[in-house]
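J.:
In my numbering, the protein residues as written are 1 to 348.
(1) To the nearest whole angstrom, what separates the beta carbons of residue 120 and residue 90, a pair I think is in contact under 8 Å?
(2) Take residue 268 and list the residues in its own chain whose beta-carbon comes closer than 6 Å to its own, dropping the five residues that flank it on each side.
(3) With DSSP as the reference, identify every bridge partner of residue 71, one or two as the case may be.
(4) Quick one: what's got a C-beta closer than 6 Å to residue 100's C-beta in the same chain, skipping five residues either side?
(5) Got a sec, what are the start and stop residues for the alpha helix (DSSP H) residue 230 sits in?
(6) Are the C-beta atoms of residue 138 and some chain D residue less than 8 Å apart?
(7) Give the C-beta separation of residue 72 and residue 25 to the nearest angstrom, bearing in mind that I take them to be a contact with Cβ-Cβ under 8 Å.
(8) Work out the CA separation of residue 265 and residue 149 for me, nearest whole Å.
(9) To which residues of the same chain is residue 102 closer than 6 Å at the C-beta, ignoring the five residues directly before and after it?
(10) Measure from the alpha carbon of residue 285 to the alpha carbon of each residue in 158, 191, 216, then state which is nearest.
(11) Are residue 168 and residue 230 touching if we call contact CB-CB under 8 Å?
(12) Apart from the five residues on each side of it in sequence, which residues of its chain come closer than 8 Å, Cβ to Cβ, to residue 29?
(13) At 3 residues or longer, what runs of the beta strand (DSSP E) sit wholly inside the segment 96-150?
(14) Where residue 145 and residue 218 are concerned, what is the direct C-alpha to C-alpha distance, given to the nearest angstrom?
(15) Would you call residue 247 buried or exposed, if buried means 16 or more other Cβ atoms sit within 10 Å of its Cβ?
(16) Is residue 349 near residue 181, with beta carbons less than 8 Å apart?
(17) Does residue 272 come out as helix, strand or coil in the three-state DSSP assignment?
(18) Identify the residues that DSSP records as bridge partners of residue 217: which are they?
(19) According to DSSP, is residue 193 helix, strand or coil?
(20) If we ignore side chains and look at the alpha-carbon of each, how far apart do residue 65 and residue 123 end up?
(21) Under three-state DSSP, which class holds residue 55?
(22) Please classify residue 307: is it buried, with 16 or more other beta-carbons within 10 angstroms of its beta-carbon, or exposed?
(23) Using 10 angstroms around the beta-carbon of residue 209, count the other beta-carbons present and answer buried if the total reaches 16, otherwise exposed.
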């Protein structure tokens with residue numbers, strides 16, 4: 001039975017969660033044991049939300065039928081604090097057993113088998129930001145350990161294609177960037193795609209399957225903080241094409257978030273103008289290389305034609321010389337035979 005959870009139906013004004021004390025389940029249990037008498041005597045003064053950080057315990061499937069609370073475990077000692085919350089609240093946040101969470105709520109009490117035990121009426125529950133950040137860092141470190149570094153060269157083949165991908169950058173802005181890339185990159189060989197502001201990083205995990213030859217990734221300054229996600233970094237590392245990264249921020253902006261993305265690409269620039277200038281320069285080098293290669297091939301073709309013509313002439317000359325020598329030899333041989341035939345009767 002409830003001991004004092006319904007003695008006051010008026011909750012105090014809600015305070016910002018940043019001003020609420022953060023406690024562990026072990027601390028809540030110790031506070032409840034020490035101050036139970038004071039809590040019962042001045043219950044109204046204890047109607048202050050607190051935040052408890054812990055790990056969601058295993059939840060039996062039929063706990064609602066047995067009126068059992070959701071266990072919140074202390075990460076250090078394993079002490080459990082029962083949470084009073086609806087199934088929809090837990091399922092709506094997509095939380096499962098074993099996840100680190102922060103629970104904001106009110107301290108209650110429950111009489112169970114003759115003993116007063118603490119219960120926690122949940123007002124809100126979220127994933128622990130610090131724990132989530134630590135887990136993300138571990139995932140990224142493990143990902144970097146498993147994947148070898150790869151550096152690629154700017155494409156030099158004719159007919160190269162580009163993917164111009166914007167994150168938090170509108171299509172109009174991306175088209176303006178595409179037009180400033182120069183005549184080497186036109187609508188025929190540039191695919192423009194924009195991930196809207198509400199789009200998640202999971203939409204970018206397909207980068208490992210990019211079919212173009214170069215990708216220009218433009219990220220808005222407001223989206224940089226969320227780009228260090230494992231799916232996106234993994235997709236960027238596995239991207240098989242030349243990767244250029246640029247931030248789309250104001251020139252005088254100084255609040256650019258720090259990310260690891262510049263280390264995951266082949267070339268990085270703080271502004272789109274610098275990226276455009278670099279691509280134009282590289283495209284000019286590629287065009288000159290292609291023109292030189294084309295001229296070289298034309299020279300080789302002309303040289304082959306000349307060699308073929310020269311190779312034909314010596315064969316005609318040798319035939320004429322042989323015919324001339326044969327004719328001369330035939331004449332000399334005939335003359336010698338005639339002289340011999342004429343001289344023999346005179347000798348005998």
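Every residue gets a Cβ at the ideal spot worked out from N, C-alpha and C, and that includes glycine. None of these values were measured; they are calculated from a predicted model.
T.: This is what the structure gives:
(1) With 8 Å as the limit, residue 120 and residue 90 do not qualify as a contact, their Cβ atoms being about 13 Å apart.
(2) 245, 262
(3) 82
(4) 55, 128, 131
(5) 230-237
(6) Judged by its chain identifiers, the structure shown contains no chain D, having just a single protein chain.
(7) 6 Å
(8) 10 Å
(9) 51, 53, 126, 128
(10) 158
(11) no
(12) 79, 81, 118
(13) 100-112, 115-127
(14) 26 Å
(15) buried
(16) In this structure the chain extends from 1 to 348, so residue 349 is not present and cannot be described.
(17) helix
(18) 165, 245
(19) strand
(20) Unreliable placement is indicated for residue 65, whose pLDDT of 49 sits below 50; no coordinate value is reported for it.
(21) strand
(22) exposed
(23) exposed
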